[in-house]
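Report on the following structure.
There are 2 protein chains.
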Amino acid sequence: MAPTSETLTAARILEATEEVLRRHGPAKATVVDVARALGVSHGSVYRHFRTKAALREAVTERWLDRTSASLSGIAAGDRDPEARLRDWFTALFTAKRHKAGDDPELFATYMVLIGENSAVVDRHIADLTGQLTEIVQDGVGRGVFTSAAPATTARALFDATGRFHDPCYARDWEQPGIETEFDAVVELVLRGLRA
Amino acid sequence: MAPTSETLTAARILEATEEVLRRHGPAKATVVDVARALGVSHGSVYRHFRTKAALREAVTERWLDRTSASLSGIAAGDRDPEARLRDWFTALFTAKRHKAGDDPELFATYMVLIGENSAVVDRHIADLTGQLTEIVQDGVGRGVFTSAAPATTARALFDATGRFHDPCYARDWEQPGIETEFDAVVELVLRGLRA
DNA sequence: CAGCTGACAGATATTGAAATCTGTCAGCTG
DNA sequence: CAGCTGACAGATTTCAATATCTGTCAGCTG
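Line by line, the protein sequences are chains A and B. Each residue of the first sequence is one higher than the one before, counting from 1 in UniProt numbering. Each residue of the second sequence is one higher than the one before, counting from 1 in UniProt numbering.
What follows is the structure, encoded as structure tokens:
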């Protein structure tokens, strides 16, 4: 990466770190590599991120937030709650499957980062179940869903569909028949949700 | 382990292999260790198992079969299908949680073995979903469940409850609140199953 | 002669010395 | 003087030599 003379910002460091991770993988990506990519000394990187772990955590958070953001539009709409729920899970599954299938090495890299940063992952899951809670609450309000505790139900929906969004199942996402399994699970939980 | 003068059988080798795995862990357990534990030369072990991988596969299969066997009793009963389903999942979750919690090191060992032997795992899952299919079919026959394709529904039930039996979630099984999450998911899918 | 042994070749794992990396900080530079 | 540099100590990783293991098989033993 060509050293530019722009100010060194956290954003530029994150960009460079993603590139270094893409190139070298999680095991060999070093802070020195990131500094070299930016044309600065590694001491400068430590001015913006206290440790290598903090830098990797920030990269992980950015990656997860991109998924959350793309789903929030579906959750926030005012369409039929059941259709929104179906679309939301389909969008989540499709997004994850493409991330895993299109660039397996990069996905493997992010799986390592996710393993290192469980606090960030927990926040991400709280964010996603929050979106689900919105949909469930809306459905209950309109009388099309039944739920004594929307947040608990939202979490149950998220857990029940884990096979189609949890990275630990990524290898199954290319298997034939996975679509059928997805439809069967979504159908089952939607039936369980209807008023 | 004291060398006995009994005949060397596959069963005795499997027993010794489990012990060696328990003691040394999956990375350091060698065929030579197993032979030493039995007081024979390692060549003798190769008379009963073609390769080290075949030996580890047999150990893995035995371990998984113990779980299947303990559940088949619940599946085969003639009690209320909904109660049987609830009990079956509870028994599966409880068994897995104890295996993981009571001896974490041994459980980690078996997680490595499971990763090495996906064919055995696939057979195990087919076995468990087969038991679920029995219960679903029985429920449909009695008019308490609805399912167009019991085998597909059984698989959906298994997938939807993955968080409470798939080893990749083992670290969550000690978390407070996991019982509540389990109940929420089981309730949700049972509601979806009722006629 | 059925079952076991132990030496062997090639593959894999261990080890420890050398190289690299992380995180700090005194001092340089624009 | 705010931001960057680069040398440094301790921690971690790499690499190549060494040791151990896997799988085979000719021959031993009861």
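Positions of the beta carbon are idealized from the N, C-alpha and C atoms, including for glycine.
- Runs of alpha helix (DSSP H) with 4 or more residues, each lying fully within the stretch 85–159 of chain B, are found at 104–116, 118–141, listed in chain order.
- Contact residues of the stretch 180–192 of chain B toward chain A are T180, E181, A184, V185, E187, L188, V189, L190, R191, G192 (C-beta to C-beta distance below 8 Å).
- Contact annotation: A91 (chain A) and I114 (chain A) have beta-carbon atoms that are not nearer than 7 Å.
- Annotation for A35 (chain A): the continuous alpha helix (DSSP H) segment containing it runs 31–38.
- When only Cα atoms are considered, F107 (chain B) and A100 (chain B) end up about 5 Å apart.
- Around R142 (chain B), the same chain offers P81 as residues with beta carbons nearer than 7 Å, after the five sequence neighbours per side are excluded.
- Interface residue (Cβ-Cβ distance to chain B less than 7 Å): A156 (chain A) is classified as such.
- Here the C-alpha atom of P167 (chain B) lies approximately 8 Å from the C-alpha atom of K96 (chain B).
- Using a Cβ distance threshold of 7 Å, T109 (chain A) and L55 (chain A) do not count as a contacting pair.
- The C-beta of Q131 (chain B) has 16 or more other C-beta atoms within 10 Å across all chains shown, which makes the residue buried.
- DSSP, reduced to helix, strand and coil, places R50 (chain B) outside both helices and strands of the structure shown, so it counts as coil.
- One thing to note: H48 (chain A) has its Cβ within 7 Å of the Cβ of I13 (chain A).
- Counting other Cβ atoms within 10 Å of its Cβ, S118 (chain A) stays below 16 and is therefore classed as exposed.
- The residue among B:E134, B:A35, B:T129, B:T180 with its C-alpha nearest the C-alpha of R155 (chain A) is B:T180.
- Nearest CB-CB separation between T7 (chain A) and chain B: not below the 7 Å threshold.
- A Cβ-Cβ distance of about 15 Å is found for the pair T9 (chain A) and V59 (chain A), leaving them out of contact under the 8 Å criterion.
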